[in-house]
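Chemist: My structure is below; once you've seen it, I'll send some questions.
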Amino acid sequence: MSKITIMYVEDSFEETEIMKLFCKQYADKVKLLTFPDGVEFLNFIEKEDREKISGPICILLDIDLPFLNGLQILQRLKENHNPTVRALPVVMYSSSTREQDKQASQALGASAHIEKPLTGEGTKTVLDFLIVNTLQLTEELDLNNFAGER
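As numbered in UniProt numbering, residues 1 to 150 make up the sequence shown, in order.
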């Protein structure tokens, strides 16, 4: 089985370090790419480096981000010119408990909305969820077309 690439968009250094720590425990299953804001992430998506992306892909996206919030990023992904990018699973991962954020995420096409866990065990549960569901959600995508036509 190829590794799952999780692209984690999170502005909190602490949250990113926690995710990195737990992903090390899944080193045989998960490759983690981190982005501190949506602008850097969207630039990466548009100019993506094929050597960094392989296998099933999942985007783990915080909502409360600087410059562009997670909902704006989600909307741009779902409007992308590349059909493979539009079809990538996006999991909104936020401490927000606002119902309007959950509804907006769903309306914009998020695959799931997960509240950030308060414990390490909760983070492991999230990673287990991502591993299983990313494989199912991306099995029919042509990831060789990820770079798409320009």
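Note that CB positions come from ideal geometry on N, CA and C, so glycine has one too.
Is Q106 a contact residue of the ligand FMN, with contact defined as CB to any heavy atom under 6 Å?
Modeler: In terms of ligand content, the structure shown is empty, and the ligand FMN therefore cannot be addressed.
Chemist: Check the C-beta distance from G55 over to D62 and give it rounded, since I have them as a contact under 8 Å.
Modeler: Wrong, their Cβ atoms sit about 23 Å apart, outside the cutoff.
Chemist: Can you give the Cα-Cα distance for D11 and L74, rounded to whole angstroms?
Modeler: 16 Å
Chemist: Tell me the DSSP bridge mates of M7?
Modeler: L33 and I59
Chemist: Just to confirm my understanding: we take N43, look at its own chain, exclude 5 residues before and 5 after, and list those with CB closer than 8 Å. What are they?
Modeler: Contacts found: none.
Chemist: Beta-carbon of C58 versus every beta-carbon of chain B: anything under 7 Å?
Modeler: The structure shown contains no chain B; it is built from a single protein chain.
Chemist: Apart from the five residues on each side of it in sequence, which residues of its chain come closer than 7 Å, Cβ to Cβ, to S96?
Modeler: I63 and D64
Chemist: Is it right to say I4 is buried, meaning 16 or more other beta carbons lie within 10 angstroms of its own, or is it exposed?
Modeler: So I4 counts as buried.
Chemist: I'd like the list of long-range same chain contacts for M7, defined as Cβ closer than 6 Å, with 5 residues on each side in sequence excluded.
Modeler: L33 and I59
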